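Asker: Residue numbers (full-length UniProt numbering): 1 to 690. Once you've had a glance at the structure underneath, I'll fire off some questions.
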Amino acid sequence: MDSFLELSTGHQWFRVVLGICVLVGFGFAARTVYWLLRYVAAGQGDLKTSQIPERIKGIITQVLGQARVIAEPAGVLHLFIFWGFLILQLETLEYIARAFKWDFHLSAFIGRAGYNGALFMQDVFGFLVLVAILMSAFRRYVIRPKHSLQSVDGAVIIALIASLMITKFIANGAEIAFISVENQAHDAQWTPVALFTSTILQSLGASPQSEGMFWIYHVSYWLHIGIVVAFANYIPFGKHLHLIGAIPNIFFRKLEPSGALYPIDMEDENVESFGAARVEDLRWKQLLDTYACTECGRCEHYCPAYNTGKALNPMAVIHNIKEHLREKGVAAIRGNNPEAAEEFPPLAGGIITKEELWACTTCGACVANCPVYIEHVDTIVDMRRYLALMESDFSAEVGRTFRNMENNSNPWGISSSYRADWAEGLDIPLMSEMTSAPDYLFFVGCAGSFDDRQKKVTQAFAKILRSAGVSVAILGPEEACTGDPARRIGNEYLYWMLATQNIETMNSYGVTKIITTCPHCFHTIGKEYPQLGGHYEVLHHTALLNELIQHQRIQLKPSATMKVTYHDSCYIGRWDNSYSNPREVLQSVPGVVMQEMDLNKKQSFCCGAGGGRMWMEETEGKRVNIERTDQALATTPDAIAVNCPFCLTMFDDGLKNRGADEVKLLDLAEIIAENLVETAPEETIEAAAE
């Protein structure tokens, strides 16, 4: 019967037909991928690579290790599916080779022992893939988690993968039964699942080494190869395009300081339009993002706008850009008809609506939790830039905020002459009064200078600095807004004016070290001013407070027992990955019992003020700050602790809305200042560090 196998499969016409089908099928798939890459190449920017070791490390940890994927329990299923597919590629290649040479086996290259080991891995992982895919189907279509898509596309993919595994085991089981033991290229006991399948087939009436078993083998083999070719052609058109896009997207991921927006050269006179009006105005990496999306739903799961009933869904934004890119690419690039591009609606305010764009708080929850490093925030801000700079399409309250920043260098519109009034009687000098450089410039920020509630935080922090003997000075009337609200809203030009003004002022004083109580000032000066030539060592007050405590520069007295719920601000938490400093500060105060909300650290829920939302009305859905306040109140705290002036304002509003007057709202600096044993050490913080 072995000779019958050789005779039947050895016919030249059979091998030719099967081989042509395989080659044509993969040829069509390759052609589709080629055009998809051509569409990405229409994006802006050059293909620049740097920090290659770090990029390779990302491939190892995020692709092979699936680190972000398995950060959540459901991701473990994906880990098994991914590694199963990786290991099964050898078997797939072997199957394809048999289309041209019926008796091809890898044992000819790796020996019988090596082949046994390879088949054992393929057998075991094939079974794990089948189990994982069935569990995924049960989770998606029976349990139906809130943020899991129940799409036809997903069902097709699950069916194809399951069919691949089933046909593989039937073909392998039939081969074991059909080919005599002495002619088998491997020892059957090394493929336990296939051996079990062989037993099942025989129990159903298929005789070993019979013509029936022969056809069971071939039909399963043909179906398997057919599914592989169909899969290759289906992938570019569905959610599993990420099998093509994810690996390069992780390799080319943004390695600039986390959360730093792409800059625009405002002095380039050749630039005719700013921001992303059209899909081709986005960077090629942002277009590649759309191919990498796995539609796992994690971005929408943690998005504060989406979860409070706003129009924004970050996953839908990426998906809609992908579909628009494909449609426009087919018409203009593949059709070689550039004029056709003009017939499509604009990207900013068209394909992606203004309501979606303005709802974003730039909190970074989508970016931090995305397993394939999609840059949702950069893409949204680029579209905002077009609306703000080219169309002046923003709300009246945003226009008022811009005018205040233009005329008085702060969103409140208060004269800069009042910037240092908070420091009256606190012995905090101006930089202009210093004869020698202080240890730090205290960049107070607009809220810390003008907002009555935040001024108390500024004064508390100044008290701590004085007690610790830290030498600081302020710019006072010479300080301007960092430009953060303008930049996040999309007014890059206003940001550029304010930022260059601050950089010029600070450089004129030789500033090298800066402290700030505002995460947005910390982020903008430390991570984005270098794009304009402003290079400084910037420290947020939570880090300095922890350093002062750890080096015993300040001593703390016990407070009354107080349950404190801590809120992670987005621009110190996610964007700076700084979670330990504020917690260690709280835990250092005797009597303070720190507790966490369900959503904390990387999964923390935004207060709702970021991305310029502080200066916009919020009328759609539930207010973000109210939702976060409710989450905090669910812990029944005595106090809520924050480290950001915007968070302070939003929680203050939320607590008043909920009538929770009994709950204190405190910045970390206020908690430390309230429990401070006032001393005046002579040595500086640098001396303590030594």
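Think of the CB as a built atom: it goes at the ideal place given N, C-alpha and C, for glycine as much as any other residue. Note that this is a predicted model, so its numbers are computed, not measured.
1) State the CB to CB distance for the pair Ala447 and Leu347, rounded to an integer number of angstroms; the pair is presumed to be in contact (CB under 8 Å).
2) What residues match up with Gln603 in a beta bridge as DSSP calls it?
3) Relative to the C-alpha of Gln51, which candidate in Gly490, Phe178, Ile59 has its C-alpha closest?
4) For chain C, check one thing: does any of its Cβ atoms lie closer than 8 Å to the Cβ of Tyr234?
5) Going by the CB atoms, is the gap between Thr542 and Pro582 shorter than 8 Å?
6) I'd like the span of the alpha helix (DSSP H) that includes Thr505, first residue to last.
7) Between Val592 and Arg488, which are expected to be in contact by the criterion C-beta below 8 Å, what is the C-beta distance as a whole number of angstroms?
8) Does the beta-carbon distance from Ala260 to Tyr302 come in below 8 Å?
9) Starting from Lys310, trace the alpha helix (DSSP H) both ways and give me its first and last residue.
10) Assuming Arg419 contacts Ser449 under a Cβ cut-off of 8 Å, what Cβ separation, rounded to an integer in Å, is found between them?
11) For Tyr217, does the three-state DSSP call read helix, strand or coil?
12) Out of Ala423, Ser508, Ile525, point me to the one whose CA is closest to Ile514's CA.
13) Which residues in the same chain have their Cβ closer than 6 Å to the Cβ of His186, if we skip the five residues on either side of it in sequence?
14) Give every residue of the same chain whose Cβ lies closer than 6 Å to the Cβ of Pro371, excluding the five residues on either side of it in the sequence, and list them in chain order.
15) Using a threshold of 8 Å, state whether the C-beta atoms of Leu431 and Ile474 are closer than that.
16) With DSSP run on the structure shown, which of helix, strand or coil describes Val76?
17) Compute the beta-carbon to beta-carbon distance between Gly611 and Thr361, rounded to the nearest angstrom, for a pair I have assumed lies under 8 Å.
18) Per DSSP, which one or two residues make a beta bridge with Lys456?
19) In angstroms, rounded to a whole number, what distance separates the CA positions of Leu5 and Gly173?
20) Tell me the DSSP secondary structure of Ala348 in three-state form.
21) I'd like the list of long-range same chain contacts for Glu674, defined as Cβ closer than 6 Å, with 5 residues on each side in sequence excluded.
22) Identify whether residue 693 lies in helix, strand or coil by the three-state DSSP scheme.
23) What first and last residue would you give for the alpha helix (DSSP H) that runs through Thr565?
24) If I measure Cβ to Cβ from residue 697 and keep anything under 6 Å in the same chain, skipping five residues before and after, which residues do I get?
25) Glu537 bridges to which residues according to DSSP?
26) Please state whether DSSP places Phe100 in a helix, a strand or coil.
27) Give the secondary structure of Glu678 by DSSP, where H, G and I count as helix, E and B as strand, and everything else as coil.
28) Which stretch, first to last residue, makes up the alpha helix (DSSP H) that contains Ile235?
29) Using a Cβ-Cβ cut-off of 6 Å (strictly less than) and excluding sequence neighbours within five positions of Val258, which residues of its own chain qualify?
30) Who does Phe442 pair with in a DSSP beta bridge?
31) Quick one, are the C-beta atoms of Glu492 and Leu387 less than 8 Å apart?
32) Using a Cβ-based criterion (distance less than 7 Å to any ligand heavy atom), does Trp284 qualify as near the ligand NAD?
33) Using beta-carbon positions only, say whether Leu545 and Ile351 come within less than 8 Å of one another.
34) Using only the alpha-carbon positions, how far apart do Glu300 and Asn407 sit?
35) So who's on the other strand from Arg283, going by DSSP bridges?
36) Let me make sure I understand the geometry here. Which of Leu586, Phe646, Trp496 has the alpha-carbon closest to that of residue 746?
Answerer: By the coordinates alone:
1) Actually they are not in contact, since the Cβ atoms of Ala447 and Leu347 sit about 34 Å apart, beyond 8 Å.
2) None; Gln603 has no bridge partner.
3) Ile59
4) Considering every chain present, this structure includes no chain C. It has just one protein chain.
5) Taking a C-beta distance under 8 Å as the contact criterion, Pro582 and Thr542 qualify as a contact pair.
6) 492-508
7) With 8 Å as the limit, Val592 and Arg488 do not qualify as a contact, their Cβ atoms being about 33 Å apart.
8) no
9) From DSSP, Lys310 is part of no alpha helix (DSSP H); its letter is neither H nor E.
10) 5 Å
11) helix
12) Ile525
13) Tyr115, Asn116, Leu119
14) Shown here for Pro371: same chain residues with a beta carbon closer than 6 Å to its own, the five before and five after excluded, namely Arg68, Val69 in chain order.
15) For the record, residue 431 in the displayed sequence is Met; it is not Leu. A contact, by the Cβ cut-off of 8 Å.
16) helix
17) 4 Å
18) BP columns for Lys456 are empty, so no partner.
19) Note that Leu5 scores 45 on pLDDT, short of 50, meaning its location in the model is unreliable; the coordinates nonetheless yield the value given after this. When rounded, the distance between both Cα atoms is 16 Å.
20) strand
21) none
22) With the chain running from 1 to 690 in the structure shown, residue 693 is simply not present.
23) Looking at the DSSP string, Thr565 is not in any alpha helix (DSSP H); the run it does join, the beta strand (DSSP E), is 562-566.
24) It is not possible to answer for residue 697, since the shown part of the chain is limited to 1 through 690.
25) Lys513
26) coil
27) If DSSP states are grouped into helix, strand and coil, Glu678 belongs with coil.
28) Where Ile235 is concerned, there is no enclosing alpha helix (DSSP H), given that its DSSP letter is neither H nor E.
29) For the record, residue 258 in the displayed sequence is Ser; it is not Val. These residues qualify, in order along the chain: Trp575.
30) Ile515
31) no
32) As presented, the structure is devoid of all ligands, the ligand NAD included, so that no description of it is given.
33) no
34) In a straight line, the C-alpha of Glu300 is about 38 Å away from that of Asn407.
35) Gln44
36) The chain is shown only over 1 to 690; residue 746 falls outside these bounds and no answer can be derived.
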